[in-house]
Each structure stands twice: as C-alpha cells, then as structure tokens.
Amino acid sequence: MSPDIWIMLRPGAGYQRLVRQGAGSKGWAAAQRPLFIVLALGCLVSLVTAGGLSLRLFAAGAVNALFVPLLEIAVLAGLWRGRRRMPFAQTVDLFFMGHGPWVLYLLIFSAIWAFASPVHAFALTARWMWLLLGVMMFWSVGIDFCFLRYVLGESDAQAGWKLVVLRVITWSVGLEIFGGGSLWPEMLRKLGI
Amino acid sequence: MKATRWISGLLLVTGFVLGTYEDGTQKHAPMTMGGYRVLTGDFHIHSFPLSWATLSPWDTVIEAQRQGLDVIAMTGQNHVWVAKVGRWFSLRVGGPRVLVGEEIVGPKYHLLALGIAHTVSWRQSAASAIAEIHKQGGLAIAAHPLAKYWPEFDGEAMRGLDGAEVVHPVIYVRPKAHREIGEFFARKQMTAMGDSDYHGVGPLTFSKCPAIKGRVFSNNPFCAARRTSSGSP
Numbered sequence: 025m026s027p028d029i030w031i032m033l034r035p036g037a038g039y040q041r042l043v044r045q046g047a048g049s050k051g052w053a054a055a056q057r058p059l060f061i062v063l064a065l066g067c068l069v070s071l072v073t074a075g076g077l078s079l080r081l082f083a084a085g086a087v088n089a090l091f092v093p094l095l096e097i098a099v100l101a102g103l104w105r106g107r108r109r110m111p112f113a114q115t116v117d118l119f120f121m122g123h124g125p126w127v128l129y130l131l132i133f134s135a136i137w138a139f140a141s142p143v144h145a146f147a148l149t150a151r152w153m154w155l156l157l158g159v160m161m162f163w164s165v166g167i168d169f170c171f172l173r174y175v176l177g178e179s180d181a182q183a184g185w186k187l188v189v190l191r192v193i194t195w196s197v198g199l200e201i202f203g204g205g206s207l208w209p210e211m212l213r214k215l216g217i
Numbered sequence: 007m008k009a010t011r012w013i014s015g016l017l018l019v020t021g022f023v024l025g026t027y028e029d030g031t032q033k034h035a036p037m038t039m040g041g042y043r044v045l046t047g048d049f050h051i052h053s054f055p056l057s058w059a060t061l062s063p064w065d066t067v068i069e070a071q072r073q074g075l076d077v078i079a080m081t082g083q084n085h086v087w088v089a090k091v092g093r094w095f096s097l098r099v100g101g102p103r104v105l106v107g108e109e110i111v112g113p114k115y116h117l118l119a120l121g122i123a124h125t126v127s128w129r130q131s132a133a134s135a136i137a138e139i140h141k142q143g144g145l146a147i148a149a150h151p152l153a154k155y156w157p158e159f160d161g162e163a164m165r166g167l168d169g170a171e172v173v174h175p176v177i178y179v180r181p182k183a184h185r186e187i188g189e190f191f192a193r194k195q196m197t198a199m200g201d202s203d204y205h206g207v208g209p210l211t212f213s214k215c216p217a218i219k220g221r222v223f224s225n226n227p228f229c230a231a232r233r234t235s236s237g238s239p
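Protein sequence lines correspond, in order, to chains A and B.
If you read the first sequence in the numbering used here, its first letter stands for residue 25, the second for the next number, and so on.
If you read the second sequence in the numbering used here, its first letter stands for residue 7, the second for the next number, and so on.
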C-alpha cells in the first residue's frame, strides 16, 4: 500500500512508521508531491470548465493554483524552524503525503463535472459538496495533527496549537487571494450585522 | 505499482491530447435572426483573483471566445480592476466585447453594475449604489434576487433598478429560488437577464443571453436589456 493511502487510513501509525523508517524524499525530489497538488488542481480546473482535459485550461488552473502549495510550504517552514528533527525537504514530503483527503475531494468534484450534465452537476455539487468538504476538512485536520505530533515531535498541546496556526494562516491568506473581494460583506451577512 | 503508474500516466497524456485537440477545433458561426446579427452575451462573469473564480481574466476572455460568446461583462466582486485587465487583453487579441462591471456584494444585497468606470462601494444602501452606477453611465441589475435580499430593494432602489437576473444556475437547483427570483421580477417592468454567474465551474453559456446588435437588445422575455448605454454592445 502506498504511504499516502496508509496515512489517509491510519495517520498516527502511518506517520510513526514513516519517521522510524526515515521515509520521505530528500532534496528537490521532495517537490514531487507539492507539484502533484498543482497537477490535480490544474486538471480540476480543466475538467470543471470544459468537461475534459486541455493543456490550455490545465495551464491556466495550475498557474493560479501555484500559491496553494507555496503558501503551505512557507507556513510549514515557520513551524519546522523550531524543531528541525529532519531535513526540511523530507518534512515537506511527509506533510504533502497527508493531502490524500483533498486529492480525493478534487477527484470526486472533477468526476461530477466531467461526467454529469451541467444542471445535474450544479445540483449535486450545491447539495453535497459542502457537506463532503466539511468531512474532508475534519479528516485532514486529524492527519495534520498526527503530522505535527509524530513528524515534528510536538506534544499534544503544541501540535494542537500549531495546527491552529497552520490552518488560520494558510486558510485566511488563501481565502483572501481567492475570494477576498466579498469576504468581509459575506461575513457581516452571516453574522447578521 | 510501476505498471499502475505507467497506465495512469498514459491515460492522462491521452486525455490531454484528445482534450487539447477538441479545444482547438470549436468554431462558432455568427447567428442572424430576421436580418439582425444576434450577439450572445453573459453579463455576470467572475475571474481569479478575489472573486471565488478559477480562471484569470485573460483565460476567461479566451474561454468566452471558445464558447462562442460575443459580449461578456466581467464583474469582479467589489472591484473593477480585473475586468479592466480582461477588457485590455480582449482588445489586443480580438476577443469578445468586454464590459467593465462589478458585482457589488453587500451584506444585504448583490447588485450588478454593468458598463462602469470605477468601483462602486458596497458600504452603502442598494438605492445609493444604484444612483452611483447611473452616475457613471452604467446599468444596475439585481443579481440573483432571492427573498433574503428583498428588504434592501425598497421603493427607491426598485425605481432605479434597470433589470434583474431571471435565469441563473440557482433556479435549476432550488425550486424555491426559482419562485423567488420570478416574484422579484414581477415587481415592476424591467429587463430580464440570463447569466451564468460564472466562477470557472461549468460552461460559460449555462444561462446565456442573446442580444440583437445595434441599438436595442432582443425582446426575448427572459433576456433583454431595456436600453443601451455606454457599456452596451
């Protein structure tokens, strides 16, 4: 079984075993998994826009999605600086091994838009994809906690705190870039102000 | 494991080759009706960044051209600079006519400002925003006017409104939304719009809007603009 799937299913045991084995790519080879996320996001954009893969739309999506792994790596660097249990490249590779739930989500979302009619795809994604997004977020929070606990070697409390820092920074910057134009008024609406 | 990777890679490459070939082969013949050239438009299109969309302004323009649209309004959420980039790019590549627009997303209403020059602030009432849009020579269109936005469209705002979205993807998903949008439109005689509210998901032509080139748009009950202004094709 690939380590990515192993981590999806049993993140705690998976990360402990990978750390013991000294797993994780070193040097530039560690860029493979972040680039795979860019590949997946580029394919998603092409599939949801045109229902198929085209190099033009893939490139368009991939370029715009580059900030996602870069932002994650930047925040991870800040968290890693205090611990340095293993080389940074290896840490990055192990972190991105925990992106299985997001890849699965992208795969499901892309498949719906590739195979269903636009009306059915709208209906399906509007009703179920938010729920699925919540499930994936919950799932990935568990994986990231195990990463911080066993790969960076944090205590439970520190891992919890660093998880909050990781999520707050990456998500707030990401959301600001992606949808910052309407973020504040929409938040005010949700708060009933 | 190695064989699985090779097969996956091969399938991906095949998908790219076929998809890229198909991408370059679409041709759209100009549509004419009763001697008039009919334009196809979409007046509610978002681009990356800042508007929850996946395609950058130049990719949006290329995609609109590929999908056979003659005119689009790029409506960034609470900003117009992305639309200006799109218009600049389209002029250089001979793409569709791009109207600079904005979706004014306030806490209590969503409003399309079409054919404007500067950003209209969301920190004001709908009536005040509509007045500012008109001052800039633009058109004010109620965006997906669901019941939750109705209180903001008071008498003054309704008098100023030029149109409302009647065909919008949400009507295919939620029957209640379909009813509410129809009820809002019945409030007064105004232009009915069909827009895709494009965020890079699905076809741009989901709820496209045909229009007659010249002084007036088509009188299609679901899709017509009441008047032309600086921004109209």
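C-beta atoms are modelled at their ideal positions from N, C-alpha and C, and glycine is treated no differently.
First and last residue of the uninterrupted alpha helix (DSSP H) at residue i
{"i": "Y178(B)", "result": "V176 to V179"}
{"i": "A135(A)", "result": "G124 to F139"}
{"i": "T10(B)", "result": "K8 to D29"}
{"i": "T125(B)", "result": "No alpha helix (DSSP H) holds T125(B); DSSP gives it neither H nor E."}
{"i": "I31(A)", "result": "P27 to L33"}
Cβ of residue i within 8 Å of any chain B Cβ
{"i": "I9(A)", "result": "An answer regarding residue 9(A) cannot be provided, because it is not within the stretch 25 to 217 covered by chain A."}
{"i": "S134(A)", "result": "no"}
{"i": "T73(A)", "result": "yes"}
{"i": "F60(A)", "result": "no"}
{"i": "P27(A)", "result": "no"}
{"i": "V69(A)", "result": "yes"}
{"i": "V33(A)", "result": "One detail in the question is off: residue 33(A) reads as Leu in this sequence, not Val. False, the Cβ-Cβ gap to chain B never drops below 8 Å."}
{"i": "V197(A)", "result": "no"}
N-terminal and C-terminal residue of the beta strand (DSSP E) that residue i is part of
{"i": "L145(B)", "result": "L145 to A148"}
{"i": "E178(A)", "result": "First-last for E178(A): undefined, no H or E at that position."}
{"i": "I110(B)", "result": "R103 to V111"}
{"i": "T197(B)", "result": "T197 to G200"}
{"i": "A170(B)", "result": "G169 to V173"}
{"i": "M37(B)", "result": "M37 to M39"}
8 Å Cβ cutoff, residue i in contact with chain A
{"i": "P242(B)", "result": "Given that chain B is displayed from residue 7 to residue 239, the structure contains no residue 242(B) and the question cannot be resolved."}
{"i": "S57(B)", "result": "yes"}
{"i": "T26(B)", "result": "yes"}
{"i": "W12(B)", "result": "no"}
{"i": "R233(B)", "result": "Low confidence applies to R233(B): its pLDDT is 37, below 50, so where it sits in the model is not reliable enough to give any reading."}
{"i": "W128(B)", "result": "yes"}
{"i": "E162(B)", "result": "no"}
{"i": "G143(B)", "result": "no"}
Under the three-state DSSP convention, the category residue i falls into
{"i": "T73(A)", "result": "helix"}
{"i": "V43(A)", "result": "helix"}
{"i": "L75(B)", "result": "coil"}
{"i": "F49(B)", "result": "strand"}
{"i": "H140(B)", "result": "helix"}
{"i": "V62(A)", "result": "helix"}
{"i": "M153(A)", "result": "helix"}
{"i": "L117(B)", "result": "strand"}
{"i": "G85(A)", "result": "helix"}
{"i": "N226(B)", "result": "Bear in mind that the predicted position of N226(B) carries a pLDDT of just 36, short of 50, making it unreliable; the figure below should be weighed with that in mind. Coil, per DSSP."}
Cβ-based neighbour list, residue i, same chain, cut-off 7 Å, excluding 5 preceding and 5 following
{"i": "L120(B)", "result": "F49, A79, L105, G107, G144, L145, I147 and G237"}
{"i": "A84(A)", "result": "V69"}
Contact test: residue i Cβ vs the ligand MN heavy atom, cutoff 7 Å
{"i": "G106(A)", "result": "With respect to the ligand MN, the structure offers nothing, as it holds no ligand at all."}
Beta-carbon gap between residue i and residue j smaller than 8 Å
{"i": "A183(A)", "j": "D117(A)", "result": "no"}
{"i": "F191(B)", "j": "A163(B)", "result": "no"}
{"i": "T38(B)", "j": "S53(B)", "result": "no"}
{"i": "S70(A)", "j": "W126(A)", "result": "no"}
{"i": "G92(B)", "j": "A137(B)", "result": "no"}
{"i": "P113(B)", "j": "I217(A)", "result": "yes"}
Cut-off 6 Å between Cβ atoms - residues of its own chain near residue i, not counting five sequence neighbours on either side
{"i": "G220(B)", "result": "For G220(B), the pLDDT reaches just 42, beneath the cut-off of 50, and the residue's location in the model is therefore unreliable, although a value from the coordinates is still provided. Answer for G220(B): no residue qualifies."}
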